[in-house]
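S.K.: Below you'll find the structure I mean.
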Amino acid sequence: MASPRLQSGRISQCGACYSVTIVVRDRRPMLSLRHNAGIVVDELRRLASKNTVTHIAWVLMPDHVHWLFRLNNGSLSRCVQALKARSARAIHQYENETGPLWQAGYYDHRLRDERDLHAQARYLVENPLRKGLVERVEDYPFWWCRWITGSADLL
């Protein structure tokens, strides 16, 4: 269940950048399956195509998602809920399962300046290395970072 302390301090501001972590219920490695990871990636893309968010970086670990983005429209909680609900529905349909896919709630941090943004993006994409899943970031299939493509800074 989500921590009331976490929720009470949550602020949703369009134009702000957020680092969000959502976790698979019971830490099951559901996202290590390419199809399931693809569903989450499709939902991330859908949110960007609707201009709800501008992605900065994301990485799908076997049992959780790290996601760094600028919130363009709507609220932080609705944005995260949309990702969780739509991906859970599609994964459950594919896996022929029912019940919650994700843990209740999520962890978020609002980033305040460019140094925070770059440091957080680096931390996210290096996660598979720290967990020993790959020897090089490039070898991990489920990540993306805007600075790899040379996109402009956001803040």
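Residue 25 in UniProt numbering sits at position 25 of the sequence shown; the count goes up by one each step and never skips.
Note that beta-carbon positions come from the ideal geometry of N, C-alpha and C, so glycine has one too.
1. Pop quiz: A121 and L68 are said to be a contact at Cβ under 8 Å. What is the actual Cβ separation, rounded to whole angstroms?
2. To the nearest angstrom, report how far apart R70 and R136 are at their CA atoms.
3. From the DSSP output, in three-state form, read off L44 for me.
4. State the CB to CB distance for the pair H66 and N127, rounded to an integer number of angstroms; the pair is presumed to be in contact (CB under 8 Å).
5. Taking contact to mean at least 3 C-beta pairs separated by less than 8 Å, is the stretch 12 to 20 in contact with the stretch 86 to 99?
6. If you follow the beta strand (DSSP E) that C145 is part of, which residue opens it and which one closes it?
7. Let me confirm a value: residue 156 is counted as buried when at least 16 other C-beta atoms fall within 10 Å, else exposed. Which label applies?
8. Less than 7 Å separating the beta-carbons of V24 and M30?
9. Hey, quick one: how far does the beta strand (DSSP E) through R70 stretch, first residue to last?
10. Put residue 202 into one of helix, strand or coil per three-state DSSP.
11. Below 8 Å on the Cβ atoms is my guess for residue 157 versus L47; work out the distance and round it to an integer in Å.
12. Is the beta carbon of S87 less than 7 Å from the beta carbon of I39?
13. What residue from A82, V59, K50 and R112 has the CA that sits closest to W144's CA?
14. Which residue marks the beginning of the beta strand (DSSP E) containing Y18, and which one marks its end?
15. Report back the beta-carbon spacing between D63 and R10 to the nearest angstrom; my notes put them in contact at under 8 Å.
16. Does the distance from the CB of L83 to the CB of I91 come in under 7 Å?
M.R.: According to the data block:
1. Your numbering for residue 121 matches position 121 in the sequence shown. Your numbering for residue 68 matches position 68 in the sequence shown. Indeed, because the Cβ distance is near 6 Å, the residues count as touching under 8 Å.
2. Within the sequence shown, the letter at position 70 stands for residue 70. Within the sequence shown, the letter at position 136 stands for residue 136. Those two C-alpha atoms are separated by around 27 Å.
3. Translated into positions along the sequence shown, residue 44 becomes position 44. It is helical.
4. One-based indexing of the sequence shown puts residue 66 at position 66. One-based indexing of the sequence shown puts residue 127 at position 127. With 8 Å as the limit, H66 and N127 qualify as a contact, their Cβ atoms being about 6 Å apart.
5. no
6. Residue 145 sits at position 145 when you count from the first residue of the sequence shown. Here the beta strand (DSSP E) through C145 covers W143 to C145.
7. The structure shown does not extend to residue 156, since the chain spans only 1 to 155, so no value can be given for it.
8. Position 24 of the sequence shown, counting from 1, holds the residue named residue 24. Position 30 of the sequence shown, counting from 1, holds the residue named residue 30. Yes. Within cutoff.
9. Start at 1 with the first residue of the sequence shown, and residue 70 comes out as number 70. Run containing R70: H64 to L71, per the beta strand (DSSP E) assignment.
10. Since the first residue of the chain shown is 1 and the last is 155, residue 202 is not available in this structure.
11. Outside the shown range of the chain (1 to 155) lies residue 157, about which nothing can therefore be said.
12. Residue numbering aside, residue 87 sits at position 87 when the sequence shown is read from its first letter. Residue numbering aside, residue 39 sits at position 39 when the sequence shown is read from its first letter. Result yes, Cβ atoms of S87 and I39 sit closer than 7 Å.
13. Taking the first residue of the sequence shown as 1, we reach residue 144 at position 144. Comparing Cα-Cα distances from W144 to each of A82, V59, K50 and R112, the minimum goes to V59.
14. As a first step, residue 18 is located in the sequence shown; it is residue number 18 there, counting from the start. Run containing Y18: C17 to V23, per the beta strand (DSSP E) assignment.
15. Within the sequence shown, numbered from 1, the residue matching residue 63 stands at position 63. Within the sequence shown, numbered from 1, the residue matching residue 10 stands at position 10. Not confirmed; about 23 Å, so no contact.
16. If you number the sequence shown from 1, residue 83 lands on position 83. If you number the sequence shown from 1, residue 91 lands on position 91. In this structure, I91 does not lie closer than 7 Å to L83 by Cβ.
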